[in-house]
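Trainee: The sequence shown begins at 0 in numbering that gives the first Met the number 0 and counts up by one. Structure provided below as structure tokens; questions to follow.
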Amino acid sequence: MAKLLYSVTMSLDGFIAGPGGDMSWLTPYLGPNPYVDELIGDIGSLLVGNRTFRGDDPYKDTPAEGEAFGGGWSGPQIVLTHHVPDAAWPGVTFVSDFGEAVRRAEEAAGDKYVNVLGADVARQCVAAGELDEVLTCIAPVLLGDGVRLFEEPGGRTVRLERLHLSGVPLASLLRFRVLPAG
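Following this line, the structure appears as structure tokens:
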């Protein structure tokens, strides 16, 4: 059975994108990461928010532009959007209902991970009790402004259990299991 994993790189001050969704800040930190490279093989599908899918790309102007994990992964992508396009995209399924998007992503992943991409989709997964794990790569930079890792004013406390802590030259890695509410 598939598990939902939110993977993200954030600045030390808690931002995953700069102002307006700018991802260019991430480019210097895209170097080798053996832990993430190994994990990519365990990903069966992506559940992606529309803003992330259509947003800025840290691989812009490189051969890896537009490719998941810089071309390190390929497979089915489920994009959660309020506006499903008329034209089909190869390998991409657009879905407007959250529950349906999760179901399709889990089905496509089989017994591998559904990798969640996008702050809003991750918040929805937490709120629905669907998120199983969080992998955060912390880049050694302070952005000062932008899109926060998790921001939900008035939100509830979510308990986590640390599964992994390590470092690579360009980031520190923290992996957590999301514990049941209660």
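Glycine included, C-beta positions come from ideal geometry on N, C-alpha and C.
Determine whether the beta carbon atoms of L45 and N114 lie at a separation below 8 angstroms.
Mentor: Looking up residue 45 in the sequence shown gives position 46. Looking up residue 114 in the sequence shown gives position 115. Their beta carbons are under 8 angstroms apart, which means L45 touches N114 by this criterion.
Trainee: Between L186 and the rest of its own chain, which residues show a CB-CB distance below 7 angstroms, the 5 nearest in sequence each way excluded?
Mentor: Since the displayed the chain opens at 0 and closes at 181, residue 186 lies outside it and no answer follows.
Trainee: Secondary structure at N114, three-state DSSP: helix, strand or coil?
Mentor: Translated into positions along the sequence shown, residue 114 becomes position 115. Residue state, collapsed to three classes: strand.
Trainee: For G43 and P18, what's the separation of their Cα atoms in angstroms?
Mentor: Against the sequence shown, residue 43 aligns to sequence position 44. Against the sequence shown, residue 18 aligns to sequence position 19. G43 and P18: Cα-Cα distance of roughly 31 angstroms.
Trainee: List the DSSP bridge partners of G48.
Mentor: Residue numbering aside, residue 48 sits at position 49 when the sequence shown is read from its first letter. BP columns for G48 point to L79.
Trainee: Could you pull the start and end residues of the alpha helix (DSSP H) that L38 belongs to?
Mentor: One-based indexing of the sequence shown puts residue 38 at position 39. Judged by DSSP secondary structure, L38 falls within the alpha helix (DSSP H) whose first and last residues are 33-39.
Trainee: What's the gap between the Cα of G65 and the Cα of G153?
Mentor: The sequence position of residue 65 within the sequence shown is 66, counting from 1. The sequence position of residue 153 within the sequence shown is 154, counting from 1. Approximately 35 angstroms, taken between the alpha carbons.
Trainee: To the nearest angstrom, report how far apart C124 and P75 are at their CA atoms.
Mentor: As a first step, residue 124 is located in the sequence shown; it is residue number 125 there, counting from the start. As a first step, residue 75 is located in the sequence shown; it is residue number 76 there, counting from the start. Pairing C124 with P75, the inter-Cα distance amounts to about 19 angstroms.
Trainee: Under a Cβ-count criterion, where at least 16 other Cβ atoms within 10 Å of its own Cβ denotes burial, should V83 be classed as buried or exposed?
Mentor: Numbered from its first residue, the sequence shown carries residue 83 at position 84. V83 should be labelled exposed.
Trainee: Do I15 and A118 have their beta-carbon atoms positioned less than 8 angstroms apart in this structure?
Mentor: For the purposes of this step, residue 118 is taken as the residue at position 119 of the sequence shown. For the purposes of this step, residue 15 is taken as the residue at position 16 of the sequence shown. Against a cut-off of 8 angstroms, the Cβ pair of I15 and A118 comes out as a contact.
Trainee: Count the CB pairs spanning the segment 100-111 and the segment 133-148 that are closer than 8 angstroms, and state whether there are at least three.
Mentor: no
Trainee: Classify G166 as buried or exposed, calling it buried when 16 or more other Cβ atoms lie within 10 Å of its own Cβ.
Mentor: Counting from 1 along the sequence shown, the entry for residue 166 is found at position 167. It counts as exposed.
Trainee: Where do the N-terminal and C-terminal ends of the alpha helix (DSSP H) with R155 fall, by residue?
Mentor: In the sequence shown, the residue the question calls residue 155 occupies position 156. Taken as a continuous stretch (DSSP letters only), R155 belongs to no alpha helix (DSSP H), as it is neither H nor E.
Trainee: Determine the extent of the alpha helix (DSSP H) in which E105 is found, giving its start and end residues.
Mentor: For this step, residue 105 is matched to residue 106 along the sequence shown. Note, E105: alpha helix (DSSP H), 97-108.
Trainee: Tell me whether A127 sits in a helix, a strand or coil according to DSSP, three-state version.
Mentor: For the purposes of this step, residue 127 is taken as the residue at position 128 of the sequence shown. Note: A127 maps to coil in three-state DSSP.
Trainee: Return the bridge partner residues of W88 from the DSSP annotation.
Mentor: Position 89 of the sequence shown, counted from the first residue, corresponds to residue 88. DSSP, once it has assigned bridges, lists V91 as partnering W88.
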